[in-house]
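In our numbering, the protein residues as written are 38 to 339.
Structure (structure tokens):
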């Protein structure tokens with residue numbers, strides 16, 4: 038055998054092992070050699086990691102002697118956003134709230150973070166699913182009318198409200214966390230196939246119409262309705278701006294009938310007089326009364 042012969046030794050799980058090592062390094066500050074200051078709060082990191090993933094940090098740290106521990110002040114960067122950037126650098130992925138996505142991508146572009154500063158990543162991030170917070174889910178649950186009906190599982194919004202009061206303490210907090218996780222799973226489109234029929238199914242109620250016919254009313258799962266409310270709240274402002282005044286009353290806060298009436302008359306090019314607005318309000322009032330009668334019938338049916 039020749040002394041010049043070479044052998045290739047391969048670490049089969051190198052990438053996964055290195056990834057785990059980076060995660061462990063992130064949690065252990067023993068070898069950190071740079072500090073970032075954002076919003077008056079500090080976070081520690083490693084020069085070599087920052088330099089490898091950011092041209093901006095590489096240029097800053099190149100001029101600082103290795104024996105010094107620099108503190109880089111980032112006055113315009115939010116602490117939570119920078120934490121998310123570091124999590125992406127060390128772990129290769131991160132969950133970012135919809136409300137912070139714009140600031141997150143802006144910081145990533147400013148610091149030229151690899152994997153985030155390219156156009157394809159920004160396009161994919163723009164398509165990222167909505168992420169609901171526990172506050173979003175709680176707001177959706179509280180928005181249901183007290184008499185809201187149950188779906189196939191018999192669970193009403195009122196049941197969840199009673200389980201999420203301050204009196205339920207830790208059990209209520211755990212339930213809210215679980216409901217938020219379920220909502221985010223639904224919003225991401227990753228519900229298991231086995232639960233899709235129950236999640237999107239509905240119980241049918243037949244209401245008799247004036248002409249003797251039947252009107253089927255579908256009452257869906259409260260969990261699906263929570264996810265729907267969270268999604269609608271997140272996009273209603275943008276959708277309303279796009280659809281108004283093409284479609285009247287879209288995303289109008291609290292459904293103000295007067296605003297809808299005024300918009301309709303203006304679109305028709307007719308002079309807006311008080312008597313016209315009054316007639317529109319009367320029409321709207323009749324529609325509301327009709328809806329109330331239907332709700333009462335539903336409540337009696339249950």
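All residues carry an ideal CB built from backbone N, CA and C; glycine is no exception.
Predicted model, so just to flag it, every value in this text is computed and none were measured.
Which residue from 76, 62 and 77 puts its Cα closest to that of residue 85?
As a first step, residue 85 must be located in the chain shown, where it is residue number 48. The residue with the shortest Cα to Cα distance from residue 85 is 62.
Taking only the alpha-carbon atoms, compute the straight-line gap between residue 172 and residue 140 and give it to the nearest angstrom.
The residue given as residue 172 occupies position 135 in the chain shown. The residue given as residue 140 occupies position 103 in the chain shown. Between residue 172 and residue 140, the C-alpha separation is close to 21 Å.
Taking buried to mean at least 16 other C-beta atoms within 10 Å of its own C-beta, is residue 100 buried or exposed?
One-based indexing of the chain shown puts residue 100 at position 63. By the 10 Å Cβ count, residue 100 comes out exposed.
In the DSSP assignment, find the alpha helix (DSSP H) that holds residue 58 and state where it starts and stops.
As a first step, residue 58 is located in the chain shown; it is residue number 21 there, counting from the start. Residues 51 to 64.
Please state whether the Cβ-Cβ distance between residue 213 and residue 224 is less than 8 Å.
Along the chain shown, one-based indexing puts residue 213 at 176. Along the chain shown, one-based indexing puts residue 224 at 187. Residue 213 is not a Cβ neighbour of residue 224, given a cutoff of 8 Å.
Does DSSP classify residue 123 as helix, strand or coil?
What you label residue 123 is simply residue 86 of the chain shown in a count that begins at 1. Residue 123: helix per DSSP, three-state reduction.
Looking at residue 82 and residue 71, is the spacing between their C-beta atoms short of 8 Å?
Within the chain shown, numbered from 1, the residue matching residue 71 stands at position 34. Within the chain shown, numbered from 1, the residue matching residue 82 stands at position 45. Going by C-beta atoms, residue 71 is nearer than 8 Å to residue 82.
Quick one, are the C-beta atoms of residue 126 and residue 150 less than 8 Å apart?
Indexing the chain shown from 1 puts residue 126 at position 89. Indexing the chain shown from 1 puts residue 150 at position 113. With a cutoff of 8 Å on beta-carbon distance, residue 126 and residue 150 are scored as near each other.
Taking C-beta to C-beta, are residue 196 and residue 148 nearer than 8 Å?
Residue mapping note: residue 196 aligns to position 159 of the chain shown, counting from 1. Residue mapping note: residue 148 aligns to position 111 of the chain shown, counting from 1. Not a contact, by the Cβ cut-off of 8 Å.
Can you tell me where the beta strand (DSSP E) with residue 150 in it begins and where it stops?
Numbered from its first residue, the chain shown carries residue 150 at position 113. Residue 150 -> no beta strand (DSSP E), and no H or E assigned at all.
Starting from the C-beta of residue 78, find all residues in its chain whose C-beta is less than 7 Å away, skip the five residues before and the five after it, and write them out in chain order.
Reading the chain shown from its first residue, position 41 is the one you call residue 78. 116, listed in sequence order.
Would you identify the three-state DSSP class for residue 131, choosing helix, strand or coil?
Locating residue 131 in the chain shown gives position 94, counting from the first residue. Coil, per DSSP.
Assuming residue 143 and residue 167 make a contact with CB atoms under 8 Å, what is their CB distance in whole Å?
In the chain shown, counting from the first residue as 1, residue 143 sits at position 106. In the chain shown, counting from the first residue as 1, residue 167 sits at position 130. About 20 Å separates the two Cβ atoms, so there is no contact after all.
Taking the DSSP output, what are the residues bridged to residue 108?
Here residue 108 refers to the residue found at position 71 of the chain shown. Beta-bridge analysis with DSSP links residue 108 to 72.
Quick check on DSSP: helix, strand or coil for residue 257?
As a first step, residue 257 is located in the chain shown; it is residue number 220 there, counting from the start. Reduced to three states, the DSSP call for residue 257 is strand.
Give me the Cα-Cα distance between residue 75 and residue 118, rounded to the nearest whole angstrom.
For this step, residue 75 is matched to residue 38 along the chain shown. For this step, residue 118 is matched to residue 81 along the chain shown. Taking the straight line from one Cα to the other gives about 9 Å.
With DSSP collapsed to three states, give me the class of residue 344.
The shown model of the chain, from 38 to 339, leaves out residue 344, and the question about it has no answer.
Rounded to the nearest angstrom, what separates residue 215 and residue 262 at their Cα positions?
Locating residue 215 in the chain shown gives position 178, where the first residue counts as 1. Locating residue 262 in the chain shown gives position 225, where the first residue counts as 1. Distance between the alpha carbons of residue 215 and residue 262: 16 Å.
For residue 46 and residue 106, what's the separation of their Cα atoms in angstroms?
Here residue 46 is taken as the residue at index 9 of the chain shown, counted from 1. Here residue 106 is taken as the residue at index 69 of the chain shown, counted from 1. In this structure, the alpha-carbon of residue 46 lies about 37 Å from that of residue 106.
Label residue 330 either buried or exposed according to how many other C-beta atoms from any shown protein chain fall within 10 Å of its C-beta, with 16 as the threshold for buried.
Within the chain shown, residue 330 is the residue found at index 293, counting from 1. Per the 10 Å Cβ criterion, exposed.
Tell whether a beta-carbon distance below 8 Å holds between residue 258 and residue 191.
By one-based count along the chain shown, residue 258 stands at place 221. By one-based count along the chain shown, residue 191 stands at place 154. Taking 8 Å as the Cβ cut-off, residue 258 and residue 191 do not qualify as a contacting pair.
What residues in its chain sit with their C-beta under 7 Å from that of residue 194, if we drop five residues either side in the sequence?
Numbered from its first residue, the chain shown carries residue 194 at position 157. Taking C-beta separations shorter than 7 Å and ignoring five residues to either side along the sequence, the partners of residue 194 in its chain run 178, 181, 185 and 259, following chain order.
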